[in-house]
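Okay, structure first, notes after.
Residue numbers (the working numbering): 1003 to 1359.
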């Protein structure tokens, strides 16, 4: 049998020739099987196009268009569903044009992603980069709701711990998405940058930023890898005595800088300690954050010198670090890590150790 030179025609011709030779009973069974397979395919496509997964009309329409044009719908849309750190699902149809930030760390991440024009509101303590100071202020832990709504945001990004139920309820009623973020590790900082990059269509910028941060982190940790680890107390507040513990990203930062957090056995991210506990653990370095927020007054720092049995006091290792770079889990955390290395292991520092109190 001559089938010509067209490969597709050859296959089709052979198929027709085969079917003509099949017994009618077998042909009926074959037809039934083919029909069943075809129905399964159609049902599967319909479930994708019209089933669960999204009730958004735009997505439904684009999925249907994908079926009608014979193209898989996933090739025609960008995934726009996000899960925040409170486990809440958000569907953000397109990159927001007006965002309000309720934390200095979030503000710094937004600016680092090149979203200067989209940032329409920040907290009273957002002071970096300098452009943040010119944005409308809406408070801090208890933002002014009227001022916030007057900014007409299409996204509010906030720290998880500041999420008040009445604020979330009101914003949900107004269909304003709220993204809640919580930094518990350095990796979570990277994850937040990537999430914001996806939300604002700045994926490549986010990848470049976190890649540079990871490279700097690797270089910093390599300097202290072979050094003996020193016991550290990071003093957030003196009276009552509050420090950082497991579950806080600063706890991990101390380890990356070649230190051992004396509160590593605590049961909360920001535990209270007694002086008896401190004297027992005997820190070799006392660290005090200094900056626009969360500072320990110099008088309280000096008061630590009365504990003359502490190794940190005997060895004159009472040190200050820049609070803004360290206490804000954002794009400047590697500056903070460098500062920690400078006070825990001055011999590995690339710059002059931070001023002593």
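We put the beta carbon where it would ideally sit given N, CA and C, even for glycine.
Source: prediction; values computed, not measured.
Tell me the DSSP secondary structure of residue i in three-state form.
i	result
residue 1245	coil
residue 1113	helix
residue 1121	strand
residue 1169	helix
residue 1289	strand
residue 1102	strand
residue 1348	helix
residue 1084	strand
residue 1315	helix
residue 1298	coil
residue 1308	helix
residue 1321	strand
residue 1332	coil
residue 1341	helix
residue 1134	helix
Taking residue i and residue j to be in contact with their CB atoms under 8 Å, please state how far apart those CB atoms are, rounded to whole angstroms.
i	j	result
residue 1286	residue 1330	Rounded, the Cβ-Cβ distance is 26 Å, inconsistent with contact.
residue 1293	residue 1265	The Cβ separation is near 21 Å, so there is no contact.
residue 1274	residue 1244	6 Å
residue 1332	residue 1107	4 Å
residue 1169	residue 1101	With a Cβ gap of about 16 Å, residue 1169 and residue 1101 do not count as contacting.
residue 1319	residue 1288	7 Å
residue 1338	residue 1348	That belief does not hold up - the Cβ atoms of residue 1338 and residue 1348 are roughly 16 Å apart, past 8 Å.
residue 1105	residue 1161	4 Å
residue 1256	residue 1236	6 Å
residue 1252	residue 1328	7 Å
Would the beta-carbon of residue i fall within 7 Å of that of residue j?
i	j	result
residue 1159	residue 1173	no
residue 1280	residue 1290	no
residue 1099	residue 1218	no
residue 1258	residue 1212	no
residue 1143	residue 1164	yes
residue 1225	residue 1350	yes
residue 1196	residue 1208	yes
residue 1271	residue 1250	yes
residue 1346	residue 1267	no
residue 1326	residue 1183	no
residue 1111	residue 1176	no
residue 1134	residue 1124	yes
residue 1147	residue 1122	no
residue 1302	residue 1240	yes
Within 7 Å of any Cβ in chain B, is that where the Cβ of residue i sits?
i	result
residue 1328	In summary, chain B is missing from the structure at hand, where a single protein chain is found.
Next on the checklist: Taking 8 Å as the cut-off, does the region 1196-1204 touch the region 1113-1120 (at least 3 CB pairs, one atom from each stretch)?
Outcome noted: yes
Checklist entry - Is the region 1299-1310 in contact with the region 1326-1345, if contact means three or more CB pairs nearer than 8 Å? => result no
Next on the checklist: Going residue by residue through the region 1204-1286, where are the continuous beta strand (DSSP E) segments of at least 3 residues, counting only ones entirely within it?
Outcome noted: 1232-1236, 1261-1263
Next on the checklist: Quick test of the definition: if touching needs 3 or more C-beta pairs under 8 Å, does the region 1183-1191 touch the region 1092-1102?
Outcome noted: no
Checklist entry - Can you give, in chain order, each stretch of the beta strand (DSSP E) that sits fully within the region 1137-1186 and has at least 3 residues? => result 1157-1161, 1180-1183
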